Structure formats: structure tokens, C-alpha cells
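What follows is a short report on a single structure.
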DNA sequence: GTCTATAGCTTGATAGAC
DNA sequence: GTCTATCAAGCTATAGAC
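Residue numbers (this note's numbering), protein chains in the order written: chain X, 1 to 188; chain G, 1 to 188.
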């Protein structure tokens, strides 16, 4: 077979899809090879540490994604709180495909290599916590109240995603995300 | 080695521990054998369908547990709403070891055999939904309002458990569970 | 940088003795 | 009902050609 150049961003996207759908231990090198279009040896060339390195890599990309699509957006002081939050929540809905797609962080936060991933996962949640908290404080909440409501927003996202998928009803996710602006004190 | 009789309830508890900790795909027959004290062939004697059967079995036990420790308790009309809810939430705190133990339902709701487990998992969440909803209605809420608050209670439990473990901070779980009585309209 | 081929191990599962 | 012994398949990972 011909050795066709495969773009890193396409590989990353496919690896992410597989890990997010099947979890770390439910994913094999063969699955990653078929999804990415690269043979196993080629994957090892790009990721010498194998599966573990691939998962760590897509987690780092996830961290960047949250930084860009949630944190930076919410800190963009040129626009109204409401507009910023709308954009960030739209991005989150897109990421989780309206509640039909699993959360990469959650799928990698309970597996045989979790200790290796934990720091990045924690960092991702901290980025969200900071971002939502910033909005809540901007809407007049105290530091501690904002921290609590921000945590609740993340709990809503994670919990509703678990439930939406288990009950096969994406309205649960949609309703939980839709409730976040009011939770964070955004004026109607 | 001597063939020592091992009690089914002890085996069940150990199998549950392993599946809940490592997930379905992260669990091997060897791990289940070591944890239960039964050799692999003995496990196949008790569970002819292998791993899949064992996980399905512990899920059925989980369903019974929720029925007995949450649903039945909350429907026990001989006591106050507040007392019943306190007992059920204490059981939930015990089940999840104050936020340090994973949720069996969640760990089995995203794995290679999920389709095989989904019906029971769904049933477990429905039992919780009915139970919390019954309390909320008893406290004066409408059918639809009670359904919403009940769903929020389950989201709080699942979401806070994910976060508690990811952030290594069990206070997140404790606070979320502690907020449930007020959420369901129990008078202070 | 991608491939084929394969090593070495672990997996889920079974046969058959006691 | 539990065990030892074993199988075939799948796994992660590597060697070496192009």
C-alpha cells in the first residue's frame, strides 16, 4: 500500500474520537490504527510511548481547547457577559455533540493509566472553574459564591452528560447547559 | 491448593469492587480471580458467560440495592420526609464512600459491552428518579417540577462524583449530597 | 515517515482430573 | 464445585526494508 501523508490534526481528531468513545482500556492499537489510517508502526513513530502517549497528547489538546474556546472567550472584555457565555456554552454543546458524545476527560479519568493523566485532567477542570467563576464574579457574586456556582456548572455538565447517555435522552444535557447562565447570575 | 468454599456474597462484593474501580475493559479475568479468591475456571462455573455475565450480575445486585436502600426507604410512609431522605442519602454516601469510590453504573455505562448492560443501568437511574420524585411531590411540588428537581439530584450525585475524584477533593461530593434535601423541598 | 512482519506476552475461554 | 493445564486469539511493542 502507498505511504500517504496523513495530517497530524486529522490523526489527533480520530484518536480523540476513539479514546472518547471506547475509553482508554477499551481502545486497542489496532482500533487507533484503523481510525487514523496509519499503521501501528507509524503511530509508534509519531508517539514513541504508544497508547499512553497518544492519550496524553489528546488530553493536552483538550486542555488547549478549553483554554481557547471557554476561558479566553469568557475573559474577552470587549463584549457583554451574556454574549461571551453564549459563545462558550455553544462551544461546549458542539464539543459534546448536544449530549450524544462522551467527555474525554471523564473517559480518561478512570482507567489503568489515570495517574499518568490526572494532572492534565485536573488542569482542564481548573480552567473551566476559573472561567465560570470569572463570569459569576463579574455578575456581582462574592469569591466563594462564584466558586460554588462555577463548580455547580461543571457538575451540571458532567452529570447531565452521564445521564443523557445512560438514559438515551439528550434533552437532559441541553436543559442543564441552558440553565448555566442563570446559575452564574447573568441578567436575563 | 485446597478447594475452599467461598460465599457468593463475598464473591459478588469483590467482583463489584474490581469492576467499579477499573471499569469493564480495565478488568481482566485474572484480576477477578485474584480478588475473589476463585480460579478462573471456577468463576466460569458460576458465571458461564464469563466477564459479561459477572458484570451483568453485579449490576442486577446494584439495582436491588437502590430499590432497597433508596426507593423503599423514601416510600416508607411511617416516618417524616426528612428522616427518610436522611437515611437514603446516608446510604448513598456509604455506597460511594463519601466520594472516594466510583459509581458502578457510570463505570459500566461506557464500555465495549454497554449495549448488554444498558437496560439495567437505565432501570437503576429510573428507580432513583422515581424515589427522589416521590419525596419532592410529597413536599408539594408539581409532577413536572418534581421530575426536574429529582433529575437534578441525580445529576448532582453523578457530576460531583466525577469531579471529586478528578480533583481529588471529596468535599465536592459531600456538599452536593448535602444540598439535596433543600433541592427536593424538604422543610428545614 | 510509512510500511510488512513478527516477537513476546496477556487475554478470555475450555477440557478434564479430583 | 474447584482445580491445573492449556489453547487460540488479541494485545503492545519492535526490527528492519523502502
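Even for Gly, the Cβ is constructed at its ideal location relative to N, Cα and C. Remember, it's a predicted structure, so these values are computed and weren't measured experimentally.
Quiz item: Between the Cα of residue 156 of chain G and the Cα atoms of G/35, G/56, G/92, which residue gives the shortest distance?
Solution: G/92
Quiz prompt | Nearest residue (CA-CA) to residue 37 of chain G, options G/25, G/13, G/96 | solution = G/13
Practice problem: Within its chain, find whatever has a CB closer than 8 Å to the CB of residue 57 of chain G; leave out the 5 residues flanking it on each side and keep chain order. | Solution: 12, 15, 47
Quiz prompt | Backbone secondary structure at residue 169 of chain X - three-state DSSP | solution = coil
Exercise. Measure from the C-beta of residue 54 of chain X to each C-beta in chain G and report whether the shortest distance is under 7 Å.
Key: Contact with chain G is absent for residue 54 of chain X, since none of that chain's Cβ atoms lies less than 7 Å from the residue's Cβ.
Quiz item: Tell me which same chain residues have a C-beta within less than 8 Å of the C-beta of residue 105 of chain G, skipping the five on either side of it?
Solution: 59, 62, 121, 124, 125
Quiz item: Comparing alpha-carbon positions, which option in G/128, G/23, G/163, G/10 lies nearest residue 99 of chain G?
Solution: G/163
Exercise. Over the uninterrupted alpha helix (DSSP H) stretch that includes residue 120 of chain X, give me the two end residues.
Key: 114 to 138
Quiz item: How far does the alpha helix (DSSP H) with residue 195 of chain X in it reach, from first residue to last?
Solution: Here chain X comprises residues numbered 1 to 188, so residue 195 of chain X is not present and cannot be evaluated.
Self-check item: Partner residues on chain G for residue 121 of chain X, Cβ-Cβ distance less than 8 Å
Solution: 166
Exercise. Consider the Cβ of residue 26 of chain G: report whether some Cβ of chain X lies at a distance smaller than 7 Å.
Key: With 7 Å as the cut-off, residue 26 of chain G counts as an interface residue toward chain X.
Quiz item: Ordered along the chain, which non-local residues of its own chain (more than five positions away) have a Cβ less than 7 Å from that of residue 177 of chain X?
Solution: 89, 92, 93, 157
Practice problem: Closer than 7 Å by beta-carbon distance: list the chain G residues that pair up with residue 102 of chain X, in chain order. | Solution: 110
Quiz item: DSSP on residue 110 of chain X, reduced to helix/strand/coil?
Solution: coil
Quiz item: residue 150 of chain G: buried (16+ other C-beta within 10 angstroms of its C-beta) or exposed?
Solution: buried
Quiz item: Hey, is residue 2 of chain G's beta-carbon within less than 7 Å of any beta-carbon in chain X?
Solution: Note that residue 2 of chain G scores a pLDDT of 48, beneath 50, so its modelled location is shaky; the value from the coordinates is reported in the next line. False, the Cβ-Cβ gap to chain X never drops below 7 Å.
Quiz item: chain G partners of residue 29 of chain X, CB-CB under 7 Å?
Solution: Residues of chain G passing the Cβ test: none, with the nearest at roughly 14 Å.
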